[in-house]
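Visitor: According to my numbering, the sequence shown is numbered sequentially starting from 22.
Built from N, CA and C at the ideal position, the CB exists for glycine as well.
Note that the structure is predicted; figures quoted are calculated from it, not measured.
Handing you a structure now.
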Amino acid sequence: MPSLKTLRTLLAIAAIALAFGGAGCRKRAGRAAPPLVIVPSTSEPQPSTQPAPTEPAAKPAETKPAIPAPAPLPELVVPSVKKSSPRSTTPRTAPVPVETPPAETTPPKPAPPRMSPRLTPNEQAEYERKTNAAIAAAEKNLQTAYGKQLNAAQSDLVEKIRGFLAQAREATRAGDWLRALNLAQKAQVLSVELVSSL
């Protein structure tokens with residue numbers, strides 16, 4: 022019986038061999054070949070036209086047994102396998118769009134009306150007052166930034182404030198006071214942040 026030390030050594034070698042053998046190469050498993058399709062041939066086997074063998078009087082020394090002609094095998098049809106070409110690293114160019122004249126020229130559909138809750142006259146007056154106050158405060162804070170050297174973040178804030186103010190004015194013209202107040206308050210908050218960063 023082998024010693025315990027020898028047994029451990031053999032076990033360790035077997036484990037290492039199994040680990041290396043199990044890891045193997047990192048190859049992609051190939052795709053399975055498509056199934057073969059067997060198409061029976063349209064020709065029927067022809068009967069043998071050889072006469073029936075008769076008993077020869079003398080046996081020749083070397084006679085080969087007569088082998089009948091093999092029946093025709095059905096044709097095998099193998100579907101073509103598309104081999105994927107290796108992906109190229111060059112970017113593909115976009116196809117040039119072909120301009121076709123439109124069949125019918127229809128006017129664009131108007132934007133659907135915005136859904137806003139009905140406001141009582143008192144609520145509308147309150148929203149209008151708050152909106153105008155927020156717009157005025159944002160414009161006042163924006164005025165303090167004029168003429169000063171601004172960094173990229175501050176310039177971005179100025180552009181956002183101007184955008185919110187323009188949208189708020191547009192909403193007031195449309196009579197959407199909730200949206201106008203929301204946009205004016207956003208402009209005001211950003212303008213306060215701008216002033217604090219100066």
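1. Which two residues bound the contiguous alpha helix (DSSP H) that contains L219?
2. Starting from L186, trace the alpha helix (DSSP H) both ways and give me its first and last residue.
3. Return the first residue and the last residue of the alpha helix (DSSP H) that R139 is part of.
4. Could you give the DSSP three-state label for K169: helix, strand or coil?
5. Using 8 Å as the Cβ pair cut-off and three pairs as the minimum, do the region 148 to 160 and the region 203 to 219 touch?
6. Could you give the DSSP three-state label for S24: helix, strand or coil?
7. Exposed or buried, N162, counting other C-beta atoms within 10 Å across all chains shown (16 or more means buried)?
8. In terms of alpha-carbon separation, which member of V179, R190 and T193 lies closest to V213?
9. I156 and A189: beta carbons closer than 9 Å?
10. For A159, which residues in the same chain have their Cβ closer than 8 Å to its Cβ, ignoring the five residues on either side in sequence?
11. Pull up the distance between the alpha-carbon of Y167 and that of E191, whole angstroms please.
12. Would you kindly check if the distance between the Cβ of S218 and the Cβ of Q175 is under 9 Å?
Guide: So, from the listed chains and residues:
1. Note, L219: premise wrong, no alpha helix (DSSP H); not H, not E.
2. A173 to A195
3. It is not in any alpha helix (DSSP H) - R139 carries neither H nor E in the DSSP assignment.
4. coil
5. yes
6. coil
7. buried
8. V179
9. yes
10. I182, F185, L186, A205, A208, Q209, L211 and S212
11. 24 Å
12. yes
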